[in-house]
Every structure is written in structure tokens, then in C-alpha cells.
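In this note's numbering, the protein residues as written are 17 to 996.
For each residue, glycine too, the CB sits at the ideal point set by N, CA and C.
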Amino acid sequence: MSEFSPGQRWISDGEAELGLGTILSCDARSVTVLFGASQETRTYSTRQAPLTRVAFGSGDRIQSAEGWQMIVDDTKEIGGLVVYIGEKDNGELCELSEAQLSDSMQFDQARDRLLTGQVDRNDWFDLRFRTLHHYHRVEQNPALGLAGARIDLIPHQLFIADEITRRQAPRVLLADEVGLGKTIEAGLILHRLLLTGRVERALILVPASLTHQWLVELLRRFSLSVTLLDEQQSLAHGDTNPFETGQLILASQDWLFANPRRQHQAEACQWDLLIVDEAHHLEWSEEQTGPGYACVETLAAATDGLLLLTATPEQMGLASHFARLRLLDPERYSSLEEFRTEEQGYVAVAEAIDALLDASDSAPLNAAARDTIGTVADDTDSQALLQALSAPEYSEAQRASARSQLRDQLLDRHGTGRVMFRNSRRHVGGFPERRLHVEHLELPSSYRRVLRRLARDEDYLDELLIETGLDHPEVMIYLDGMYRALPDDPLNTEPWWQFDPRVTWLLERLTNLADEKVLVIAHERETALGLAEGLRVLGGIQAPVFHEEMSLVERDRAAAAFADEEDGCQVLVCSEIGSEGRNFQFCHHLVMFDLPLHPDQLEQRIGRLDRIGQQHPIEISVPVFSDSPGEKLLRWYQQGMDAFAAPHGLGNDMYDAFADDLAESLLDDESLDEVVQETRALFETKLAERDAGRNRLLELNACHPDRAEAVATAIRELDEDRALPRYLEQALDIFGVDSRDLGGDMVHLIPGPHMLDGLPGLVKGEDGFTATTSRARALARDDVQRLSWEHPLLREMMARILDGSMGNTALALLKHPAIPAGRLMAELVFRTHCPAPKRLHLNRFLPPTAVRVLLDESGANLTDKVSFTGLSKNLRKVKKAVARDLIKSRHDQLRDLLDKAETEAQCELPSIIEAAQSRMRSALDAELTRLEALAQRNPSVRADEIEALRHERHALDAAIEGTRLRLDSIRVIVTIGDDK
């Protein structure tokens, strides 16, 4: 019976929810099992397979794959398979091979353990029941998957995560402005999809400079462990596909895009979700496709879910933005020309919605507003709502309702929020003031003489570009770079930082700021290195440097040295790479040692500090040389587009329009005046167009405050759940984890001498970790983990209890003056069992549901008269040997009670199924109807999304209908007299 043979039936010890498994194949090393009910396949080592052979005995009821049942009388073995002999319900004699058993059969493991005298501790039984109760409650909470993260409850982030994770195979562009939390949104989405079973494997591609930041963020904020893959790690796996070595793979775009072999290996894997950060770097045009874009395009075509992240979706122009959308839905976005035309249509929709928002509920719509709205409200439903807003007989409350409904319909049916989410700072609010401090310095003679020659000799610029190898206009803007590039000049006898007044100015600035943190950004790596050397030599200041040629470990070490509040350095010097992706919001002083040539890079620099959650005004200091090209560039930024005041997302448009003219005017004040004026005029025009069109719609659709607040309220309910600390204390005690109270809502968890192995974060012989259930405390302390119902430690303990046999039998003594000694009671807990694929996320409608039945020895049902808690607190433990003797002496009586309890429990099942189906139909039917209506108006609704939802509804309906009850646990209670 212990040998594996194809066709035999086994169950998984650790994943009982998979149902009954069938041996597909086996050899000396491995065995492969198909779990038909849940559509899962597992391969185990034959030496340590966590499997239990299923074998039934006389009197057991079994079910065939065809649906008929029989009572077993006897068994025989043929070719390694058990053949059951017995009678059908109609009395017909029959035989049934185990290979023909129903995949969804139930197993009364608790019954078998009890009748053979195997009993657990009474507190284990108590914990098991409470685990089932809390698991049922938490799985249905609308905040599941969003509540456990270590984040502030920021409305737009919660709305985006909730909205996207409700969709079938979401494919969206997260394009919030810098500092609004795109990484957090992506982490929330990934965490919820993993927790609900909709995603099992994900590939995350980020720039090389951000790999470690993503690794730390996912672990620290979401308790997600990812495999960081690079060439060294890949080589360590030999001939094995390295992308198969983890559930969550994080890899550098730079590495993968440059390595065709690794690309093929990544493409050979099955991914449920692909996440690509800084997606604006993917190069595409109608004539040519860059290698990075091609790689992502291939992966995206084979992956159901896709998240693209970029703060500057149009940094490379409208065609570049179209290229991002094309990755999300190539059928919807197939023509760049059609996309340009479509963009113009958003203006009318935005004007209609603005007219709605400006309308008063106390009076009917005026004719002008009605005409504006009527141009886009061209379907029956919208026209009916427009009529209600225009009719004088409607009440104020009716108009308010109609206005809200019409707004949502117009955004849904005409907006672009199905594929792109973009929140702006002006829409979100709560950001700090930006203060610009300009320091005008005198040009050093070494720089002045070159600029003077450039001004009077037109041919000298060409000579200089050839001689230095620099680009125009960088040779004029980055004067220290020009100085370094002319080493043969006899006047260049000392390092630039020894005479550059910006260095002495910075030393004075650092002294005035005392211990306040200062981030310094320079364009070139050599400038950053030289500046750090100058600070050390001239001022005795040790400043770590952060630049593109440093290894990942070196960059992280530099950033960590800057972030340390107690022993860290005051200043960090970065090259331009330091302005992309990194979060330095603990600092609010930014020094732009020079200025970037592209407005988007300027905004990225400021965005490293100006992020949501920043508590101080951003102090931006810019030293410039008087009457220099750098000073003229500053003027273009300030007067042409208010670049320092707030992000506006128009930098690329301004740069495309005026970059050449600006470069030509950096040595000519008169021509600069003209460039600044023209820039200002175009800036204001583009600003008006943006506010009137698609971006206005995106802002309106990127966060629904009511929905966001509903999610936040559900999260707060879980945060304030008073049952969590009580449950945690009991579970930690039973699992052998020692807990030391540190005060301030914090505890330190330490592996005890008898701790069960494999608990996340706890390894025997190691120090454990400090934790808190307080969100505020966890946000204030990076070294403190936040314990919630979603924390891996709690999920693991709950899973072990519910999936295993821990506490599924118990025997206890009850002393009660009204009940004679020697009386027997049986407390049975049944739970719903419904094998279904994880991707259906059945638990949101029907999580494992407990049905408790308490019977006395006569079979009378006492469930409604005696509560679980009331009974448990009056029970006494009993030695296992005594328990076994008691069970043996009452064997027949217990069998009768078990059969009686099953009959009682079955009476509860129809109402459980009906309620679950009602919840499911209420949620999915409404969403299906909405999507079908939207698809008629909004081409962003994909046909495969609607079909997937239809399939999900059908599969859920069938799964819920097939729900059965199985015996989860039994507690036998024996009354004792006063002398016991």
C-alpha cells in the first residue's frame, strides 16, 4: 500500500484543499500527482513526498467519478490499485477501482483519528475553531490584500490598487507624477493578487539602479520575498532556466535587454504578471523598435497581467506614449494616426464633465450646459439622466444623484482610465511648498576666458567640440567638464574644484545648515567625484558619492550612509542618475550644483525629495555664474515654464520645441528674450490644452474619493481588530514562539526551544525580530515588522492549522452541578469544502465556513443553548491515556453521534450555498453588465476581459453549487462529579 503506482489515490498533507490526487507517473526519484478538482499538478521526491494514501474500510461511503455512491463492504488489490466491493444506494452490488473515485471526495480525518484514540490538546482544538472563524471573517473583508502593507492610507493609492485588482488580468499604465507612489501602488497590486490566488508567478523588470530598492521595498512594505536575478546568479544554476528558480523574479532591464539568451529563457517561462518600471525608457517608433521594447513586447504578449510604470509617459513625445499603450492592448492601439485623432476628442468630454461639476443642484441645467453635455451624452441612459438634470420638477436630491451618475457614466464610457492611471499633485494635494534660492557667483577666470572666446569667435565652438569630445550645448553649461576636457591648456594647472566658487559656497551652505541633510546633484559623474574630493580636502567633509558606474552594493551603501539619522553623513553627492528612482524624502534640502538640459530631468531631481509624505518645504538651492549660459538656462526654466514651482508634465513639449533655439541663444541675451517669450506662450497654450483634454479626464478618473474611503475604512477595521492580539498570543504560545513585551505596542519574537520549524522570520538559534500591530509604530520604525492578518507569520500559522490535523480532535472534562457525572457530549465542527482553482478567488464569496454542532449523548442538539466560548472556559484537560480509554469505552456511542451530527450539519448547507451564490451574482452580474455596456462606447474595454469574467462567473457558480460539508474537528466532552 506504500508503493506508488499510476492510478492510486493520495492526498497532500500540506495542501488538503487540492482535493483527491491521482498518481500520474513515478520513478525511483519522483512522483507526479494530478489533483483534478483544483486543476493542479505537483511533483514530489519519492523519499519525502508529503502524501497520505487514501484507503477506505467497511462501512465507509464513497463516491464514483460518475456521481453514484456506495457503501464499502470489502476490498481487494489488483495491480497495485485498491478495488472497493459494496452496494449502491439502490442495493445493487458493485465494484469500484480507486482510480474511478470522485476527485471531490471528502475525508473524515478527524473521525478516523478520534476513533483510533488520537487526541490533541484542548487548547489546540480551541485555536483551530478560532482560526477558522477569523479566517472566514478576514477572507471576506473588502480590504483583503491591501490591509497588511506597511503604508500610509493614501486615498489615490488605495483606489488604484483596489480598482485594478478587481479586473480580469489587469493591463494598465501607472503614470502618477513623481513622488505619488507608483512603486507602492504596484506593490499593493502584486500583494493582493498573490494573496487572493490570481497571480502565482511574476516577473519584475527595473533599471539596474533600482533593483535593490525594489527588493527592499517589497520585503519591508509588503513582506514579499523576491529572487534578485543577475548573470552571476544565473550562471550558478548551470543548465537550469534561472527564471524558474523563484515565484517572484526581480531582474535588471539593462542586463536582460542586452542578453538574448536570458531573454529566451524568460520568454520560455509562464508568468501571470509582468511589471516594468521606468517604462518611458523603452524605445519605439513606427520605423524602428528598440531591444528593450522588443523584449517587453514579447513577454507582454504571453502574459495575462501587465503593469507599466512611468512618471513621465509623454517624456519622449506622443508617439512614445502611444508605444506604451500599444504594449497594453495592441489591438486597441494599432494606429498612431488614429490615436492622435482620438486625443482631440477628449476635449469635448472634459468640457462636458466640467459643465456637470459647475452645475447647481438647486436649479435645472441652463441651455449652454445642456448643449455642452449633450454633445457626448449620446446614449439612452445618459440622455435620461441629462433630462432629469434639465427638468424643473425634479428635487435637489434627485438632481444631485443624476449628476453623480452621469459624471461616472461619461468618465467610464469616454475616459481613458481603463488603461492609464495618472494622479497629479494639484489633484491629490497635500504637497509641500517649493522654495527656490538662487546664488549668483562670479565666473572664475579659467571659465571666463573660454566663454569670451566663444562669444566673439563663431568657429571656436566647433573647434572646442572636436577638441573636448563634448556635445553642444553641454560644453557651455557644464564648465567644469569643459575645463577637465582641455588638459593640454597651459593654464589648467589645478583641479577645477580648487578655484570654482560653487564649492566654497556649498561649504558655507553646509555649515549654515548644521546637521540638516543635504542632497547635491550634478549632471556628470566626474563633477560629482571632484566635488566630493573638494569637500573633503577644503572642508574636511566626508561625502559619499552616488553615480552610474558604482555597483549596486556600493550605491546602496552610499544611500544608507546618507539616510542614517544618528551616524550618517550630512551630504550625499549624486550624478544625474541619483535623480531617477531613488526616494530621499527624509531630506528637504536640494542643491543643484548645475542644471540639467531637459526639463523632465529637472523635475526628477526635485521629485527625489518632493514626495507624498514630505513634512517640510523643499529648499532648492542653485548656484549660477553671473552672465553665463547656466544663468540663461535658469532664466528659461523660471520665466519660460515655472519649472521650479510645481510639476506640470510639459517639459518634453518645451524641450522639443525650443532646445535648438535655446542652445543658440545661451550666449546672446537678445535672442534669449525671444526664446523665453515664445516658450511662455506655448507653455500656457499647452497647459490649457492639457487641462481641457485627456489629462483632465485622467485626473477625474484616477481616484474616486468615496471608493477610496470605503477601502480605507475597511482597512482601519482590520487595523483596530481587538481579536488579533488575543489570537496572536494564543497561536504563538502553541507554536512555541517566545514573546517579550518591549512596551510601546512592540514585542520581540524569539524562537522557543520547542518551536515548530518553518515559521517565516523565525529560525532556531537566531534572534527573531521585533514587531508591532500598530501601523503608525511600524511606519516610524523601519526595523520593526508590522503584524497583521496578512503577515506571512500569521498566514503560515493559520494555514498549518486549517490544512493539517493540528487540534482536529480533543477530549475534555466538564464539571457542572446540573449534569450527572459520566454523561457524554460531542462537539463537532464541520466546514465547507469546495475545491476550485486559486485564480477564481472563491473565498471572497465562500471562504471555509464553520458549522458547529453540539450533541448530548441522547443525540439532542444543544448548539443554540451552549456557546463555544461559554463551554470552552469551563472545560478541563485530561491525560491522553485516560482520553484513549474513554473513547474506547464509548466507541459505538460516538459513531452514532458522529452520524447524527452530520445529518444536523447538512441542514445548514443549503442556506450557506444560497448566500454565497447571492453574493457572487450580486457582484459579478453587476460588473458584467457594466462592462458589456462600456464595451459599446469605450474601446479600452477588451473583449477577452469580458469573456474572462463570464467564464469566471460560470466557474464560480458551478464550484459553489458543488460545495459540500466535511468534518473538520471533534471534541468529546465527559462530565465529572465534584470528587474528580
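- Bridge pairing for M608: I537 [DSSP].
- By alpha-carbon distance to T396, the top candidate from A202, S440 and Q425 is Q425.
- Residue burial is scored here from C-beta neighbours: R182 has fewer than 16 other C-beta atoms within 10 angstroms and is therefore classed as exposed.
- Distance check between H150 and each of L196, K896 and P863 places P863 closest, using alpha-carbon atoms only.
- Here DSSP, grouped into helix, strand and coil, assigns K831 to strand.
- Collapsing the DSSP output to three states places D684 in coil.
- The stretch 849-883 contains, as complete beta strand (DSSP E) runs of 3+ residues, the segments 866-872 (chain order).
- Q184 carries a coil assignment under DSSP once its states are collapsed to helix, strand and coil.
- For the set N877, M771, L502 and P560, the Cα lying nearest the Cα of V587 is the one of P560.
- Taking the Cα positions, L748 is about 7 Å away from D754.
- According to DSSP, residue pairing for P767 in a beta bridge involves V753.
- Rounded to whole angstroms, the separation of the alpha carbons of L523 and S461 is 21 Å.
- In the three-state reduction of the DSSP assignment, R450 falls in the strand class, which pools E and B.
- Residue state for L372 is assigned as helix, using DSSP reduced to three classes.
- Distance from the CA of T59 to the CA of A65, rounded to the nearest whole angstrom, comes to 9 Å.
- For G550, the number of other beta carbons within 10 angstroms of its own is at least 16, and it is reported as buried.
- Under a 10 Å Cβ-count criterion, I817 is classified as buried, with 16 or more other Cβ atoms of the shown protein chains found around its own Cβ.
- According to the DSSP assignment, T199 belongs to the alpha helix (DSSP H) that extends over K198 to L211.
- Between the C-alpha atoms of T991 and P836 there is a straight-line separation of about 7 Å.
- Taking C-beta separations shorter than 6 Å and ignoring five residues to either side along the sequence, the partners of T48 in its chain run L40, S41 and T59, following chain order.
- When the beta-carbon positions are compared, S268 and A335 stay at least 8 Å from each other.
- Q630 has its alpha-carbon roughly 19 Å from the corresponding atom of L174.
- Taking one beta carbon from each stretch, the stretch 160-172 and the stretch 197-214 have 3 or more pairs nearer than 8 Å; the two touch.
- The residue from I962, E93, F141 and L67 with its alpha-carbon nearest to that of M822 is F141.
- Non-local beta-carbon contacts of R236 in its own chain, meaning distances under 8 Å to residues more than five positions away in sequence, involve R166 and D798 in chain order.
- Beta-bridge analysis with DSSP links E455 to P639.
- Per DSSP, the beta-bridge partners of F51 are G37 and E56.
- Under the three-state reduction of DSSP output, Q85 falls in the strand class.
- Linking L758 to N668 through their CA atoms gives a straight-line distance of about 53 Å.
- Taking the C-beta atoms as reference points, F602 is found nearer than 8 Å to A579.
- When the beta-carbon positions are compared, Q281 and N257 come within less than 8 Å of each other.
- In the DSSP assignment, K104 falls within the unbroken beta strand (DSSP E) covering L97 to K104.
- Counting along the chain, G321 sits inside no alpha helix (DSSP H); it lies in the beta strand (DSSP E) bounded by residues G321 to L325.
- In the three-state reduction of the DSSP assignment, E108 falls in the coil class.
- For V519, the enclosing alpha helix (DSSP H) starts and ends at P517 to N528.
- Straight-line spacing of the CA atoms in V444 and H172 works out to 7 Å.
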